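Trainee:
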Amino acid sequence: MNKSDLTREIAEKMSISQKDSLRFINIFKDVMANELLKDSSIVLQGFGTFSSWKQTERIGRNPHTGISVLIKSRTSVKFRPGKDLLRFLNDGK
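In the working numbering, the protein residues as written are 51 to 143.
1) Going straight from the alpha carbon of L94 to that of S67, what length do you get?
2) Report yes or no: do the stretch 126-137 and the stretch 93-107 share at least 3 C-beta pairs separated by less than 8 Å?
3) Tell me where the alpha helix (DSSP H) around F100 begins and ends.
4) Output needed for S91: all residues of its chain with C-beta closer than 6 Å, excluding positions within five of it in sequence on either side, in chain order.
5) Compute the Euclidean distance between the alpha carbons of F74 and S118, then round it to the nearest angstrom.
6) Give me the Cα-Cα distance between I109 and L120, rounded to the nearest whole angstrom.
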């Protein structure tokens, strides 16, 4: 599913226009990104938790050349699924 598919699905299920659905998705994405920038966790009860974390600088290896390279530190995002989501995925309920 891509952003267009998601926009269409939300619009249909909420009986709103695709324009409003796209606006909702963009605002939701911006709010989540801004919270993660603050090193906050976002908890969607039953669905899961998004949290930002700092990957430390480390030495990696270029698989084509075998040469060691420095991989700079960066911020990444972890997602931990909630119990309801896992139950739905495993049991279909």
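Backbone N, C-alpha and C define an ideal beta-carbon position, used for all residues, glycine too.
None of the values given here were measured: they were computed from a predicted structure.
Mentor: According to the structure shown:
1) 25 Å
2) yes
3) Careful: F100 lies outside any alpha helix (DSSP H), inside the beta strand (DSSP E) at 98-105.
4) T99, S101
5) 44 Å
6) 5 Å
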